[in-house]
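Here the structure is laid out as structure tokens; the discussion comes afterwards.
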Amino acid sequence: MTATENPIVNEAPLSFECDLPEPPEKVWRALTEPELLAAWMMPNDIKPEAGSRFAFAGPDAPIECEVLEAEPGRLLRYFWREKPGADDGGLPPFDSVVTFTLAGTVSGGTHLSIVHDSFVPVAQPLIAVSGAGCGLSLDARKNPIAANAPCMMLRAA
Numbered sequence: 024m025t026a027t028e029n030p031i032v033n034e035a036p037l038s039f040e041c042d043l044p045e046p047p048e049k050v051w052r053a054l055t056e057p058e059l060l061a062a063w064m065m066p067n068d069i070k071p072e073a074g075s076r077f078a079f080a081g082p083d084a085p086i087e088c089e090v091l092e093a094e095p096g097r098l099l100r101y102f103w104r105e106k107p108g109a110d111d112g113g114l115p116p117f118d119s120v121v122t123f124t125l126a127g128t129v130s131g132g133t134h135l136s137i138v139h140d141s142f143v144p145v146a147q148p149l150i151a152v153s154g155a156g157c158g159l160s161l162d163a164r165k166n167p168i169a170a171n172a173p174c175m176m177l178r179a180a
């Protein structure tokens, strides 16, 4: 039996919220323009339109994505599929969903919410994975970084 026949969903999402001084339009651009997104995430060919497929050039293997929802300046949600890599440290690749929600603040900035959830191991035997929880930390430059057990990192703009 494989996870795709009987998926196990990790119910602990990665989530992060912050207030940015930039307006929602500028934050939207950082999330949806390939060159700007690559500057803080990974090289990509994103097109912010529902149904559009794109890929991140991951360090070990590409990450295939499909835009599920795109409301300019407000909401971006995409399906995230990791591919098995040569040096994955024995951790299974996974399918998941990433959601960015933007809301204007009184000061003209943006309240940004990032949720990475619905983790499902891809085509792996059913096993119990301990330590599959997530963590949130801030580095010395106060750049927010959310990380999960499969060594994936999502950096906030």
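In the working numbering, the protein residues as written are 24 to 180.
For every residue, glycine included, the Cβ atom is placed at its ideal position computed from N, Cα and C.
Computed from a prediction, not measured in an experiment: that's the story for all the values here.
Inter-residue spacing [alpha-carbon to alpha-carbon] between residue i and residue j
i           : j           : result
residue 44  : residue 98  : 18 Å
residue 85  : residue 126 : 30 Å
residue 117 : residue 82  : 15 Å
residue 15  : residue 47  : The structure shown has nothing for residue 15, since the chain only spans 24 to 180.
residue 39  : residue 70  : 24 Å
For residue i, three-class secondary structure by DSSP
i           : result
residue 97  : coil
residue 61  : helix
residue 129 : coil
residue 86  : strand
Element boundaries [alpha helix (DSSP H), containing residue i]
i          : result
residue 50 : 47 to 55
Endpoints, beta strand (DSSP E) assigned at residue i
i          : result
residue 42 : 37 to 43
residue 78 : 76 to 79
Beta-carbon proximity check, residue i vs residue j, cutoff 8 Å
i           : j           : result
residue 54  : residue 123 : yes
residue 80  : residue 64  : no
residue 91  : residue 73  : yes
residue 139 : residue 37  : yes
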